[in-house]
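**Q**
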Amino acid sequence: MKNCLLLLSVLLMVASCTKKEAAQTKQEILRANKWSIDNEKLTYYNSVGGDSDSYNWGLPPNDTKPDCIKDDVIEFKDNYDGIHNTGGDKCKTSETDQIQFKWGVMANEKHENDKKMYIYGLYSLLGQDANGDVEFQDDKVIFSYPRQIPNGSGTITVKWTITFKRK
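If you want it as structure tokens, here you go:
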């Protein structure tokens with residue numbers, strides 16, 4: 061009986077000393093992977109600020125993923141640096157192979173409410189410096205932000221949503 065009690069005590073001590081893996085932060089998830097551009101969506105706001113009509117890949121009839129985006133890769137690096145590798149098929153003849161940008165996820169100390177993100181300098185893809193909402197799903201990151209687009213003689217604000225998919 062003493063041997064069983066001793067063995068049980070040893071097993072409990074070993075089990076209690078086992079190190080548990082800490083959950084990855086949102087920043088670590090972004091840095092640990094390369095990302096492709098899965099979708100872009102433009103959503104008009106209705107007159108009271110709610111979502112209205114939505115279109116994938118901008119205004120109709122551009123509702124399919126452009127060929128020049130299909131080979132692009134986004135990398136979120138250390139020190140909140142990022143690289144947009146534009147691939148071989150360029151959207152504009154002047155587009156460079158790599159576009160550098162800055163990024164960050166605003167988080168509290170416990171990383172429980174990482175719901176805001178910024179991406180600065182990625183004008184070729186986002187059209188502007190962007191601050192917006194971020195949602196993390198299994199193998200996707202969905203980033204939505206307000207964006208000004210031309211409308212007749214002026215501009216209107218729309219919600220622009222870009223979905224990054226883990227490669």
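Add 60 to a position in the sequence shown, counting from 1, and you land on the number used in my numbering.
Glycine included, each C-beta is placed from N, C-alpha and C at the ideal position.
Bear in mind that the values here come from a model prediction, so they are computed numbers and not experimental data.
(1) Using C-beta distances below 7 Å, list every residue in its chain close to residue 127, excluding the 5 sequence neighbours before and after it, in chain order.
(2) What separation, rounded to the nearest whole angstrom, lies between the Cα atoms of residue 132 and residue 97?
(3) Comparing C-alpha positions only, which one of 182, 222, 209, 214 sits nearest to residue 200?
(4) Identify, in the order they occur along the chain, each residue of the same chain with its Cβ nearer than 7 Å to the Cβ of residue 155, setting aside the five sequence neighbours on each side.
(5) Who pairs with residue 221 in a beta bridge, going by DSSP?
(6) Based on Cα-Cα distance, which residue from 90, 83, 159 lies nearest to residue 227?
**A** On the basis of the data shown:
(1) Residue 127 sits at position 67 when you count from the first residue of the sequence shown. Taken in chain order, the residues that qualify are 149.
(2) Residue numbering aside, residue 132 sits at position 72 when the sequence shown is read from its first letter. Residue numbering aside, residue 97 sits at position 37 when the sequence shown is read from its first letter. So the two alpha carbons sit approximately 7 Å from each other.
(3) Along the sequence shown, read from residue 1 onward, the residue named residue 200 stands at position 140. Ranking the options by Cα distance to residue 200, first place goes to 222.
(4) On the sequence shown, residue 155 is found 95 positions in, with the first residue counted as 1. Only 146, 184 meet the Cβ criterion.
(5) If you number the sequence shown from 1, residue 221 lands on position 161. Note: residue 221 sits in a beta bridge opposite 101, 204.
(6) Stepping through the sequence shown from its first residue, residue 227 is reached at position 167. Out of 90, 83, 159, 90 has the C-alpha closest to the C-alpha of residue 227.
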